[in-house]
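Quick notes on the structure that follows.
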Amino acid sequence: MKRLILWGLGLVLMFLALYLVFLYAPIEKVMGIVQKNFYLMVPMGWLSLLSYFVIFIGSIFYLTKRDRKWDDLAYSAAEVGIIFTSLALMVGSIWARPIWGVWWAWEEPRLTTTLVLWFIYLACLLVRSLTVEEGRGATFAAVVGVIGFIDIPFVILSTSLWRGMHPPLIIFEEGGLDPRMRLTLMLSIVAYTVLYVVILMQRVAIRRDEAEVKKLKGLVSQES
Amino acid sequence: MSFWSKVIAITRKDALSELRTKEIISAVLVFALLVILIFNFAFGARPEAVDLVASGMLWVTFAFAGVLSLNRAFIVEKEDNCLDGLLICPMSREVIYVGKVLASLLFMLIVEAIALPVFALLFNLPVLTAQLIGITVLVTIGFVAVGTLFSALAVNTKAREMVLPILFLPIVIPLIVAAVKASELALAGKSWGELYPWLPIIISFDVIFLVVAYLIFAFIVEE
Numbered sequence: 020m021k022r023l024i025l026w027g028l029g030l031v032l033m034f035l036a037l038y039l040v041f042l043y044a045p046i047e048k049v050m051g052i053v054q055k056n057f058y059l060m061v062p063m064g065w066l067s068l069l070s071y072f073v074i075f076i077g078s079i080f081y082l083t084k085r086d087r088k089w090d091d092l093a094y095s096a097a098e099v100g101i102i103f104t105s106l107a108l109m110v111g112s113i114w115a116r117p118i119w120g121v122w123w124a125w126e127e128p129r130l131t132t133t134l135v136l137w138f139i140y141l142a143c144l145l146v147r148s149l150t151v152e153e154g155r156g157a158t159f160a161a162v163v164g165v166i167g168f169i170d171i172p173f174v175i176l177s178t179s180l181w182r183g184m185h186p187p188l189i190i191f192e193e194g195g196l197d198p199r200m201r202l203t204l205m206l207s208i209v210a211y212t213v214l215y216v217v218i219l220m221q222r223v224a225i226r227r228d229e230a231e232v233k234k235l236k237g238l239v240s241q242e243s
Numbered sequence: 041m042s043f044w045s046k047v048i049a050i051t052r053k054d055a056l057s058e059l060r061t062k063e064i065i066s067a068v069l070v071f072a073l074l075v076i077l078i079f080n081f082a083f084g085a086r087p088e089a090v091d092l093v094a095s096g097m098l099w100v101t102f103a104f105a106g107v108l109s110l111n112r113a114f115i116v117e118k119e120d121n122c123l124d125g126l127l128i129c130p131m132s133r134e135v136i137y138v139g140k141v142l143a144s145l146l147f148m149l150i151v152e153a154i155a156l157p158v159f160a161l162l163f164n165l166p167v168l169t170a171q172l173i174g175i176t177v178l179v180t181i182g183f184v185a186v187g188t189l190f191s192a193l194a195v196n197t198k199a200r201e202m203v204l205p206i207l208f209l210p211i212v213i214p215l216i217v218a219a220v221k222a223s224e225l226a227l228a229g230k231s232w233g234e235l236y237p238w239l240p241i242i243i244s245f246d247v248i249f250l251v252v253a254y255l256i257f258a259f260i261v262e263e
């Protein structure tokens with residue numbers, strides 16, 4: 020029931036966000052219609068960070084409590100997280116093309132940071148599939164999750180200082196953003212966060228079912 | 041036995057077996073020299089090209105050499121089940137981590153101590169300055185702190201030595217960025233003060249990852 024309400028809320032928010040993005044928010048003077056991309060890019064970037072935080076929480080609790088449900092959470096967050104991070108990279112690339120004339124800008128710290136995050140997500144997922152025992156794989160993934168999360172501030176700091184830029188400002192502090200644009204952005208972030216939570220919950224549920232099926236299969240093959 | 045005497049015992053064991061087999065240092069050193077050689081052909085040894093890529097070359101060499109050497113740290117323990125013996129010893133898991141970190145640090149520093157002068161000689165660079173040596177030692181501590189943890193993890197996976205680079209390299213990217221930038225400035229003859237803000241990044245990376253890896257290490261080697 021709870022999930023159904025969340026689904027409905029997500030749907031309503033998504034439509035509302037679309038309305039705000041395309042009909043309510045003014046068209047940017049310099050960048051034009053391309054700037055609409057911004058309302059997709061920022062939520063994606065935010066979710067790739069948020070997902071890391073979820074992995075971190077799941078990993079820490081798994082390591083200390085040894086309860087499978089925390090591992091399910093960490094694993095699902097890694098899987099959903101890599102999807103959103105990939106999307107962030109694609110949308111960032113689509114943004115870079117008209118604005119800077121190139122598909123990839125190494126000078127842009129947020130884009131570069133996202134790429135490094137993508138590789139850490141990959142490490143998190145790979146280490147699990149490369150381990151023979153399942154319980155061990157979960158522990159290893161949790162260790163990589165914790166180390167990866169602690170690494171993020173360093174990645175952000177070093178990639179932004181790399182090209183002599185100051186660390187990126189939080190988007191809400193940047194002056195000159197039209198209040199209508201800000202509202203649209205905020206609502207987009209909320210809508211996509213709800214979407215993220217819905218997908219994450221779904222994935223956790225599927226993973227539990229997978230474990231259940233595996234257990235039952237084991238029972239059946241034992242009997243026969 | 042106190043914590044540190046146990047740590048020294050493990051480091052001593054590693055150093056002794058290295059002294060007898062000369063396995064890690066010789067192989068890694070040859071590898072590092074080969075990488076330098078290949079870079080020379082890849083980028084050309086023209087002075088202007090060297091100025092541009094020197095510090096990058098240095099750190100690619102050391103990062104790859106580090107992966108090679110850190111991999112061995114636990115693979116030699118896994119062979120003949122030495123790791124099990126190590127785990128049976130009446131000491132905490134953290135002792136193993138610190139002992140291994142010190143041993144790997146020692147091996148890496150020896151390799152670097154030989155490779156740096158060669159590097160300076162072949163490319164005619166002012167490598168042997170206090171700044172550059174300081175940066176090298178600090179960054180190597182960071183490499184070893186993360187690498188020892190992941191090395192212990194990697195030997196317990198199916199793919200063993202293939203796992204370490206894919207875990208280790210993304211995590212140390214900030215460290216490599218800072219190392220390359222700081223060395224660039226050091227090679228240009230800048231003073232300590234001008235290496236700011238890279239030095240604090242390197243030092244805080246070292247401290248934070250040493251502490252976190254120390255705390256988390258026990259989870260990896262259990263059972």
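So the protein sequences, as listed, match chains C and W. Heads up: the first sequence begins at 20 in the working numbering, then just goes up one per residue. Heads up: the second sequence begins at 41 in the working numbering, then just goes up one per residue. Virtual Cβ for every residue (Gly too), placed ideally from N, Cα, C.
Within 8 Å, strictly: CB atoms of residue i and residue j
i      : j      : result
W:I48  : W:V158 : no
W:I181 : W:S223 : no
W:M148 : W:V184 : yes
C:W65  : C:I171 : no
W:A103 : W:S144 : no
C:A97  : C:I74  : yes
C:A160 : C:A93  : yes
W:I256 : W:L189 : yes
C:N56  : C:I113 : yes
W:I50  : W:E58  : no
C:S148 : C:G100 : no
C:D228 : C:A157 : no
W:L110 : W:S231 : no
W:A226 : W:I241 : no
W:P130 : W:G229 : no
W:E63  : W:A258 : no
W:Q171 : W:L235 : yes
W:I136 : W:L126 : yes
W:W99  : W:V220 : yes
W:V151 : W:A105 : yes
W:A155 : W:L73  : yes
W:I260 : W:L193 : yes
C:G167 : W:I216 : no
C:R116 : C:W122 : yes
8 Å Cβ cut-off: residues of chain C touching residue i
i      : result
W:V93  : The premise fails here: W:V93 is roughly 16 Å from chain C at the closest Cβ pair, so nothing lies under 8 Å.
W:A153 : Within 8 Å Cβ-Cβ: nothing; W:A153 doesn't reach chain C, min ~26 Å.
W:F245 : F173
Range covered by the alpha helix (DSSP H) that runs through residue i
i      : result
C:Y211 : P198 to E242
C:M20  : Premise fails: C:M20 is in no alpha helix (DSSP H) and is neither H nor E.
W:T61  : F43 to T61
W:G229 : Segment: none, W:G229 is in no alpha helix (DSSP H) and carries neither H nor E.
W:Q171 : A170 to A194
C:T83  : F57 to K84
W:G233 : From DSSP, W:G233 is part of no alpha helix (DSSP H); its letter is neither H nor E.
W:Y254 : W238 to V261
W:V167 : It is not in any alpha helix (DSSP H) - W:V167 carries neither H nor E in the DSSP assignment.
W:G96  : P87 to K118
W:G125 : C122 to I128
Chain-ordered neighbours of residue i on chain C, where CB pairs are closer than 7 Å
i      : result
W:F83  : By Cβ distance, chain C contributes nothing, its closest Cβ being about 19 Å from W:F83, past 7 Å.
W:I248 : I169
W:I50  : Here the premise fails: no neighbours, minimum Cβ distance about 21 Å.
Residue i: contacting residues in chain W (beta-carbon distance under 7 Å)
i      : result
C:F138 : P210
C:F145 : The question names Phe, but residue 145 of chain C is Leu in the sequence shown. Going along chain W in sequence order, the residues near C:L145 (Cβ under 7 Å) are I206.
C:A142 : I206, L207 and P210
C:R155 : N196
Contact set between residue i and chain W, taken where Cβ atoms lie within less than 8 Å
i      : result
C:V165 : V252 and I256
C:F80  : Under the 8 Å cutoff, chain W gives no residues; its nearest Cβ is about 13 Å from C:F80.
C:F159 : L193, N196, T197 and I260
C:T150 : N196, T197 and K198
Chain W contact residues for residue i, given Cβ-Cβ distances below 9 Å
i      : result
C:F34  : What C:F34 touches in chain W: nothing, since even the nearest Cβ is about 38 Å away.
C:A107 : What C:A107 touches in chain W: nothing, since even the nearest Cβ is about 16 Å away.
Interface partners of residue i on chain C, CB under 9 Å
i      : result
W:V107 : Per Cβ cutoff of 9 Å: no residues; W:V107 is ~14 Å from chain C at best.
In chain order, what are the residue ranges of uninterrupted alpha helix (DSSP H) at least 4 long that sit wholly in the stretch 113-187 of chain C?
Qualifying alpha helix (DSSP H) stretches, in chain order: 128-148 and 153-181.
Using a Cβ-Cβ cut-off of less than 7 Å, list which residues of the stretch 197-212 of chain W approach chain C; keep chain order.
Of all residues in the stretch 197-212 of chain W, only T197, K198, A199, V203, I206, L207, P210 and I211 place a beta-carbon less than 7 Å from a beta-carbon of chain C.
Give, in chain order, every residue of the stretch 172-183 of chain C whose Cβ lies closer than 8 Å to some Cβ of chain W.
Taking 8 Å as the cut-off between beta carbons, the residues of the stretch 172-183 of chain C near chain W are F173, V174, L176, S177, T178, L180 and W181, in sequence order.
Using a Cβ-Cβ cut-off of less than 8 Å, give me the residues of the stretch 139-164 of chain W that come near chain C, in sequence order.
none
Note down, in chain order, all residues in the stretch 211-232 of chain W with a beta-carbon under 8 Å from any beta-carbon belonging to chain C.
I211, I213, P214, L215, V217, A218 and K221
Interfacial residues, the stretch 73-97 of chain C to chain W, with Cβ spacing under 8 Å
L82
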